[in-house]
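Q: Residue numbers (the working numbering): 299 to 1051.
Positions of the beta carbon are idealized from the N, C-alpha and C atoms, including for glycine.
Note that this is a predicted model, so its numbers are computed, not measured.
Can you keep this structure in mind? I'll have questions shortly.
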């Protein structure tokens, strides 16, 4: 391709790349390119009103005879143009056509295809974090996109030419490598992939010179490595190179020159024998230097360094470097130097000898660790009556801490690497002297740390006795074994909590509800804290007396007594008592019948409510008077033609009685004055059967229903003529035998009750 043609194509491609959508004038019909590959162009167009089909034409620019024509229905609004020429500019035209074949609107654009798909010649790894790829150049490609994929992970990089390198990879990892060509039109499809594994990472060396003629090398295992190669030679290039292959992870080079700088290089290889990255390190071998170096703290804060004299040494320089990086030195012609020291530091000490020839080689580097610093402002918190939690800030030089709590009863120790310690199993109500000591393996424990006093909480009280002072008053007694303690008693029940407080050994709970169960416990409280609660003791208050009690006389000698339920009561015992005797009843129910009651008698009423465990409440109520006795000897006499006199024997002269006659023709009642033992009822119809009851009248003029009833028949036989007012009719009570009635001609007939 000539230079002018190439420039023209590049200009066209640049213009088209910047204008992806072109609208036809005054129609609103548009077309856009949304993807491009080497041999395909993906486009879409807008729907045009009235169009029944669309026609797309793609013609290669500057390439004779290569064009594509495609027709689409009115429902298709996008298409893919395939079988195109890579790296070629196409003029693309879309036309909207109606059902008569007339072109309603058209739109045009130009688009270049991507370059052809490149082919990888080779891919290899020389470094553990990269893979290098080589390929043949693709015409029209302005750059290339390299991809390295490992599972879901993919790393890409853009290069301009071959070879290209993908960086940021993992060592000893297999990657799938692909490459795409890129131009202004787009990028090609990925090339066929190549699988390539990155080389092993380099072993990280740890190098030291244990003696003046040896160097020790060690390293950690390398992933996927089966062997290692370590080489050593003088850094000045003199002498020969020493090389060692090994499957171990350490090696010692010996018979070396003292005071000489050596270069050490190492790499690992995999199962295929391919070497990985290498690692280089410089190490010098222990020329002669001052010996017998000793270090000590002749007093706190003062470090003394001493050594033996060296032949031909005119003066000495001692370097002391602390582990925080600060370095000081001492220049002297003597064999000792003094340095200021602080707690918790490690000092590294080097001694050099000097003469007119210069400095001696570096001798042994000694280190000296001062005692760790003491924890200051430590805090002790009482978490329970026998446990104290001590915490403090970390201090320099401390590898471990020892917390000591001492009292006259004994000592408790706690060792931990953390800056907190829990002292358990302490004695309650005891004053302890607590000290936190810091400890290091190199220097041991710092015994000069300050201490503080901590008092434990009171001991848990022990309830000795619970006594009942009254119905709702309970006294709790415990053993007092604490100093300056206040005791709080708590009674916990379903109905709530009751408390009392005392500084002694007893306390009274008042207003406890009756018929309730409680759990009673005691705690002790002092400025040091609060004790654990005592063991709980069950407490039951006496059952409640029933609020309501009702007595109802059933018969002349039987009374029914009932009451409301008393909380906490299981059984009840009721008593009616008078000078004439008493009646008792014991029941699980809330009612009972009391027999042997004397009529017309005043009784005192009492009830005992008894709980399941035998606790008893004695309950008294308002007195009870039994009803007056029923009269005896009830008789009926005829008064004239239609009158009846009822007669009885009164139990007491002062009692009033009520007489009731009940029949089908009417009910009749009469109430005589007090002390009168008969009652006249006039105008009573004959020819009926009457029930007659004579009963004492109550205070409320109520009728008693338990007095005996008698049944009488009043006949209407014969005529009333000749019956004078003084005529006396014989009355037979119910005990007269029926056969005797025939012996008498009477007008009043008796029917058995």
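Do residue 813 and residue 843 have their C-beta atoms within less than 7 Å of each other?
A: As a working mapping, residue 813 is identified with position 515 in the chain shown. As a working mapping, residue 843 is identified with position 545 in the chain shown. The answer is no: Cβ separation not under 7 Å.
Q: Quick check on residue 472: buried or exposed, where buried means 16 or more other Cβ atoms within 10 Å of its Cβ?
A: In the chain shown, the residue the question calls residue 472 occupies position 174. It is exposed - the Cβ of residue 472 has fewer than 16 other Cβ atoms within 10 Å.
Q: Residue 399 to residue 377, Cα distance in whole Å?
A: As a first step, residue 399 must be located in the chain shown, where it is residue number 101. As a first step, residue 377 must be located in the chain shown, where it is residue number 79. Going by the C-alpha atoms only, they are around 20 Å apart.
Q: Which parts of the segment 474-531 are runs of the alpha helix (DSSP H), unbroken and 4 residues or longer, counting only runs that do not cross its ends?
A: The segment 474-531 contains no complete alpha helix (DSSP H) run of 4 or more residues.
Q: So what does residue 760 bridge to, in DSSP terms?
A: In the chain shown, counting from the first residue as 1, residue 760 sits at position 462. Residue 760 is bridged to 777.
Q: Beta strand (DSSP E) containing residue 424: first to last residue?
A: The sequence position of residue 424 within the chain shown is 126, counting from 1. Here residue 424 belongs to no beta strand (DSSP E), and DSSP marks it neither H nor E.
Q: Using a Cβ-Cβ cutoff of less than 6 Å, which residues in the same chain neighbour residue 719 once the five nearest sequence positions on both sides are dropped?
A: Within the chain shown, numbered from 1, the residue matching residue 719 stands at position 421. If we look at residue 719 and ignore the five residues flanking it on each side, its Cβ neighbours are 688, 701 and 712.
Q: Closer than 6 Å by C-beta to residue 319: which residues in its own chain qualify, once you throw out the five before and the five after it? Chain order, please.
A: As a working mapping, residue 319 is identified with position 21 in the chain shown. Low confidence applies to residue 319: its pLDDT is 38, below 50, so where it sits in the model is not reliable, and the reading given next is rough at best. Same-chain partners within the cutoff: 328 and 330.
Q: Give the DSSP-derived three-state secondary structure of residue 730 in the structure shown.
A: Within the chain shown, the letter at position 432 stands for residue 730. If DSSP states are grouped into helix, strand and coil, residue 730 belongs with the strands.
Q: Residues in its own chain within less than 7 Å of residue 357 by CB, not counting five upstream and five downstream?
A: Position 59 of the chain shown, counted from the start, is the residue given in the question as residue 357. 365, 388 and 389.
Q: Using the three-state DSSP reduction, which class does residue 1060 fall into: helix, strand or coil?
A: Nothing can be reported for residue 1060, as the shown portion of the chain is limited to 299 through 1051.
Q: DSSP three-state call for residue 364: helix, strand or coil?
A: Sequence index remark: in the chain shown, residue 364 carries index 66 (1-based). Coil.
Q: What span of residues does the beta strand (DSSP E) with residue 406 cover, start to end?
A: Counting from one through the chain shown, the residue named residue 406 turns up at place 108. Where residue 406 is concerned, the enclosing beta strand (DSSP E) stretches over 401-410.
Q: State the DSSP-derived secondary structure class of residue 618, mapped to helix, strand or coil.
A: Here the question's residue 618 lines up with position 320 in the chain shown. Of the three classes helix, strand and coil, the one that applies to residue 618 here is strand, per DSSP.
Q: Only counting the same chain, and skipping five residues up and downstream in sequence, which positions put a Cβ closer than 7 Å to that of residue 749?
A: Mapped onto the chain shown, residue 749 falls at position 451. Only 731, 732 and 733 meet the Cβ criterion.
Q: Suppose you measure from the CA of residue 506 to the CA of residue 434; what does that come to, to the nearest Å?
A: Along the chain shown, read from residue 1 onward, the residue named residue 506 stands at position 208. Along the chain shown, read from residue 1 onward, the residue named residue 434 stands at position 136. Roughly 50 Å separates the two Cα atoms.
Q: Since residue 910 sits in a beta bridge, which residues does DSSP pair it with?
A: Stepping through the chain shown from its first residue, residue 910 is reached at position 612. Looking at the DSSP assignment, residue 910 forms no beta bridge with any residue, so it has no partner.
Q: Please check the pair residue 426 and residue 496, which I expect to be a contact at CB under 8 Å, by giving their CB distance rounded to whole angstroms.
A: Position 128 of the chain shown holds residue 426. Position 198 of the chain shown holds residue 496. Between residue 496 and residue 426 the Cβ distance is about 5 Å, and since that is below 8 Å, they are a contact.
Q: For residue 561 and residue 580, what's the separation of their Cα atoms in angstroms?
A: The residue given as residue 561 occupies position 263 in the chain shown. The residue given as residue 580 occupies position 282 in the chain shown. Between residue 561 and residue 580, the alpha-carbon positions lie close to 5 Å from each other.
Q: Counting only the same chain and skipping the five closest in sequence on each side, list residues whose C-beta sits under 6 Å from that of residue 704.
A: Position 406 of the chain shown, counting from 1, holds the residue named residue 704. 731, listed in sequence order.
Q: Which residue or residues does DSSP assign as beta-bridge partners of residue 665?
A: On the chain shown, residue 665 is found 367 positions in, with the first residue counted as 1. Paired residues: 646.
Q: Is residue 536 buried or exposed, if buried means 16 or more other CB atoms sit within 10 Å of its CB?
A: Position 238 of the chain shown, counting from 1, holds the residue named residue 536. Label assigned to residue 536: exposed.
Q: Just the Cα atoms here: how many angstroms apart are residue 866 and residue 907?
A: Here residue 866 refers to the residue found at position 568 when the chain shown is read from its first residue. Here residue 907 refers to the residue found at position 609 when the chain shown is read from its first residue. Roughly 8 Å between the two C-alpha positions.
Q: Going by CA-CA distance only, name the one from 987, 860, 857 and 467 that's closest to residue 963.
A: Position 665 of the chain shown, counting from 1, holds the residue named residue 963. Ranking the options by Cα distance to residue 963, first place goes to 987.
Q: Scan the segment 822-895 and note each continuous alpha helix (DSSP H) run of 4 residues or more that stays entirely inside, going in chain order.
A: none
Q: Taking all protein chains shown into account, do 16 or more other C-beta atoms lie within 10 angstroms of the C-beta of residue 851, making it buried, or fewer, making it exposed?
A: Looking up residue 851 in the chain shown gives position 553. Buried: at least 16 other Cβ atoms inside 10 Å.
Q: Give me whichever residues DSSP pairs with residue 448 in a beta bridge.
A: The residue labelled residue 448 in the question sits at position 150 within the chain shown. In the DSSP output, where bridge partners are listed per residue, residue 448 has 451.
Q: Verify whether the separation of the beta carbon atoms of residue 384 and residue 411 is less than 7 Å.
A: Taking the first residue of the chain shown as 1, we reach residue 384 at position 86. Taking the first residue of the chain shown as 1, we reach residue 411 at position 113. Going by C-beta atoms, residue 384 is nearer than 7 Å to residue 411.
Q: In terms of DSSP beta bridges, what is residue 958 paired with?
A: Walking along the chain shown from the start, residue 958 turns up at place 660. In DSSP, residue 958 forms a bridge with 967 and 991.
Q: For residue 503, which residues of its own chain have a beta-carbon under 7 Å away from its beta-carbon, when the five flanking residues on both sides are left out?
A: By one-based count along the chain shown, residue 503 stands at place 205. So the list reads 515, 517, 562, 564, 577 and 579, once near-sequence residues are dropped.
Q: Count the other CB atoms within 10 Å of the CB of residue 381; is the residue buried (16 or more) or exposed (fewer)?
A: Numbered from its first residue, the chain shown carries residue 381 at position 83. The residue is exposed, with fewer than 16 neighbouring Cβ atoms inside 10 Å.
Q: Please return the same chain residues whose Cβ sits closer than 6 Å to the Cβ of residue 960, not counting the five positions on each side in sequence.
A: Within the chain shown, residue 960 is the residue found at index 662, counting from 1. Counting only Cβ-Cβ distances below 6 Å, and skipping sequence neighbours, we find 989.
Q: Our contact map puts residue 755 next to residue 726 with C-beta atoms below 8 Å; I'd like the distance itself, whole angstroms only.
A: Mapped onto the chain shown, residue 755 falls at position 457. Mapped onto the chain shown, residue 726 falls at position 428. Right, the Cβ-Cβ distance comes to about 6 Å (below 8 Å), so this counts as a contact.
Q: Got a sec? Which residues, its chain only, sit under 6 Å from residue 919 by beta carbon, not counting five neighbours each side?
A: Start at 1 with the first residue of the chain shown, and residue 919 comes out as number 621. Closer than 6 Å at the Cβ level, and outside the excluded window around residue 919, lie 847 and 903.
Q: Once you ignore the five residues that flank residue 596 on each side, which residues in its own chain have a CB closer than 6 Å to its CB?
A: In the chain shown, the residue the question calls residue 596 occupies position 298. For residue 596, where only same-chain residues beyond five positions count, the Cβ hits under 6 Å are 602.
Q: Kindly list the residues whose CB is nearer than 7 Å to the CB of residue 1020, restricted to its own chain and excluding five residues on each side of it in sequence; keep chain order.
A: Here residue 1020 is taken as the residue at index 722 of the chain shown, counted from 1. Low per-residue confidence applies at residue 1020: pLDDT is 26, beneath 50, and the placement is therefore not dependable, though the value from the model is reported in the following sentence. Around residue 1020: no qualifying Cβ.
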